[in-house]
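A.B. asks:
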Amino acid sequence: MFEKSRIRSHLRKVGKNKTPFDSLLFDYLSGRLKSEFQSEKIRVKSISADYRDDEKYIRVHGKYLVYRVDVDVEIYPDRFTVSCASDSMTYPLNSSEQVYSTLLSVIKMIHTQFS
0 MFEKSRIRSH LRKVGKNKTP FDSLLFDYLS GRLKSEFQSE KIRVKSISAD YRDDEKYIRV
60 HGKYLVYRVD VDVEIYPDRF TVSCASDSMT YPLNSSEQVY STLLSVIKMI HTQFS
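Number 48 in numbering that gives the first Met the number 0 belongs to position 49 of the sequence shown; there are no gaps in the numbering.
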């Protein structure tokens, strides 16, 4: 709970000048991040965020329900990593929507691998 209040405080300070990471922190607090994963048929097993001077991240661990494949996403202020099956890719973080569109691309890749 302490981390959520720290994140809320940070988001109040930045106001409308949110970075892509700030937007994803907002999505984490509002539940949108979890909803986006669930809309792609990923059951979220755990989701956590930390916002300290020395460490800022959001982590999501889930399972893609169609093929029972683990999906992990780690988001940092400058990059994010998506891991599934034996593949892992890191991308620069340019926008919050980029994370969601990349997740959709990963789901399509899983379909081609397993179908």
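Glycine residues also receive a C-beta, built at the ideal position from the N, C-alpha and C atoms.
Could you tell me if residue 61 is buried or exposed, where buried requires 16 or more neighbouring beta carbons within 10 angstroms of its beta carbon?
C.D. replies: Within the sequence shown, the letter at position 62 stands for residue 61. Buried.
A.B. asks: Under the rule that 16 or more other beta-carbon atoms within 10 Å means buried, what is residue 50, buried or exposed?
C.D. replies: Here residue 50 is taken as the residue at index 51 of the sequence shown, counted from 1. Burial call: buried.
A.B. asks: Give me whichever residues DSSP pairs with residue 48 in a beta bridge.
C.D. replies: What you label residue 48 is simply residue 49 of the sequence shown in a count that begins at 1. Partner(s): 57.
A.B. asks: Would residue 69 be called buried (16 or more neighbouring beta carbons within 10 Å of its own) or exposed?
C.D. replies: Looking up residue 69 in the sequence shown gives position 70. Residue 69 should be labelled exposed.
A.B. asks: Please list, in chain order, all residues of the same chain as residue 32 whose beta carbon is under 8 Å from its beta carbon, the five residues on each side excluded.
C.D. replies: In the sequence shown, the residue the question calls residue 32 occupies position 33. Hits under 8 Å: 23, 26, 46, 57, 59.
A.B. asks: Is DSSP giving residue 90 helix, strand or coil here?
C.D. replies: By one-based count along the sequence shown, residue 90 stands at place 91. In this structure, residue 90 counts as strand in the three-state DSSP scheme.
A.B. asks: Considering only C-alpha positions, which residue in the set 66, 39, 76 is nearest to residue 53?
C.D. replies: In the sequence shown, residue 53 corresponds to position 54, counting from 1. Among 66, 39, 76, the Cα nearest to that of residue 53 belongs to 76.
A.B. asks: May I ask you to list the residues that DSSP assigns as paired with residue 63?
C.D. replies: As a working mapping, residue 63 is identified with position 64 in the sequence shown. According to DSSP, which records beta bridges pairwise, residue 63 is partnered with 41, 68.
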